[in-house]
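> Those letters in the sequence shown? Residues 319 to 525, per our numbering, in order.
What follows is a single structure, and I will ask about it in a moment.
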Amino acid sequence: MSDTLLLFLNLAGIGFFAISGTLLGERKNVNGFGITVLATLTATGGGTIRDLLLNKPVFWIEDSIYLLTNFVAIMVSILFIRRFPSPDNRYFLIVDAAGLALFNIIGIFKATQAGADLVVALTMGVITSVFGGILRDVICREVPVTLKNQLYATTCIAGGLTYVVTTNLGWNTYICIGMAFSTTFVMRISAIYEGWRLQIFSQKSNG
């Protein structure tokens, strides 16, 4: 993957997750500072943890373009929400799934660049994708969607395996990225609208 393509994917992922944080902030009726905090945590939290674990420079400290992209995405999404308000959380679900799919690929790629094996690379993909959302949800006093019985982190694993397999087969980089993105994104959206669940224990009624 070229540096230019990696930068593009990173900026797109930052944008999608910043928008998702802004949308949640709007739904929670927080002020402008609160929206900025939620959006920034969502956009940078997972990548920050990944870089620290891999003993690499934190990406948004090394290059301020990521924070600038984050702030631009916040402003654009605020203007968009005011002009085209959504009666439900459809916008949030779409941009969150897109950010999830993109950051998963980035996390795996950066881990393999650092010499990580398959299991660690897949784990870094999940961390990059979901930990920003976990921080966002915790601050909003919500159970993180990752910890619910919905398919969330599992979609990252499926997309990550798709990326690793197609890359090792020597397929074109854009095809590998497209297939990995589609796998995660389609699985996540399908899980939402089809009600797919990953429930280990059956719910017990009280009494």
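Positions of the beta carbon are idealized from the N, C-alpha and C atoms, including for glycine.
(1) When the Cα atoms are used, what is the spatial distance from Leu-342 to Phe-335?
(2) Verify whether the separation of the beta carbon atoms of Ala-419 and Phe-351 is less than 7 Å.
(3) For Phe-334, report the span of its alpha helix (DSSP H) as first-last.
(4) Give the secondary structure of Arg-459 by DSSP, where H, G and I count as helix, E and B as strand, and everything else as coil.
(5) Going by DSSP, what residue range makes up the alpha helix (DSSP H) through Gln-431?
(6) Run the CB neighbour count on Tyr-384, radius 10 Å, all protein chains shown included, and call it buried at 16 or more, exposed below.
(7) Report yes or no: do three or more beta-carbon pairs, one from the segment 360-375 and one from the segment 471-486, lie closer than 8 Å?
(8) Considering Arg-400, what are the terminal residues of the alpha helix (DSSP H) in which it resides?
(9) Going by DSSP, what residue range makes up the alpha helix (DSSP H) through Arg-515?
(10) On the criterion of 16 or more Cβ atoms from any shown chain inside 10 Å, does Ile-379 qualify as buried, or is it exposed?
(11) Assuming Ala-471 is part of the alpha helix (DSSP H), what are its boundary residues?
(12) Could you check the C-alpha separation between Glu-344 and Ala-429 for me, to the nearest Å?
(13) Identify, in the order they occur along the chain, each residue of the same chain with its Cβ nearer than 7 Å to the Cβ of Leu-327, setting aside the five sequence neighbours on each side.
Inspection of the coordinates gives the following:
(1) Here residue 342 refers to the residue found at position 24 of the sequence shown. Here residue 335 refers to the residue found at position 17 of the sequence shown. Straight-line Cα distance between these residues: approximately 11 Å.
(2) Residue 419 sits at position 101 when you count from the first residue of the sequence shown. Residue 351 sits at position 33 when you count from the first residue of the sequence shown. Taking 7 Å as the Cβ cut-off, Ala-419 and Phe-351 do not qualify as a contacting pair.
(3) As a first step, residue 334 must be located in the sequence shown, where it is residue number 16. Element bounds for Phe-334: 321-345.
(4) By 1-based counting over the sequence shown, the position of residue 459 is 141. Three-state result, Arg-459: coil.
(5) Residue mapping note: residue 431 aligns to position 113 of the sequence shown, counting from 1. Counting along the chain, the unbroken alpha helix (DSSP H) around Gln-431 starts and ends at 408-431.
(6) Taking the first residue of the sequence shown as position 1, residue 384 is located at position 66. Classification for Tyr-384: buried.
(7) Not touching, per the Cβ criterion.
(8) Here residue 400 refers to the residue found at position 82 when the sequence shown is read from its first residue. For Arg-400, the uninterrupted alpha helix (DSSP H) run begins and ends at 383-401, by DSSP.
(9) On the sequence shown, residue 515 is found 197 positions in, with the first residue counted as 1. Run containing Arg-515: none; DSSP gives neither H nor E here.
(10) The count along the sequence shown starts at 1 and reaches residue 379 at position 61. Exposed is the call here.
(11) As a working mapping, residue 471 is identified with position 153 in the sequence shown. Per DSSP, Ala-471 belongs to the alpha helix (DSSP H) from 471-486.
(12) Residue mapping note: residue 344 aligns to position 26 of the sequence shown, counting from 1. Residue mapping note: residue 429 aligns to position 111 of the sequence shown, counting from 1. Looking at the two C-alpha atoms, the distance is approximately 34 Å.
(13) Along the sequence shown, one-based indexing puts residue 327 at 9. So the list reads Leu-420, Ile-423 and Ile-424, once near-sequence residues are dropped.
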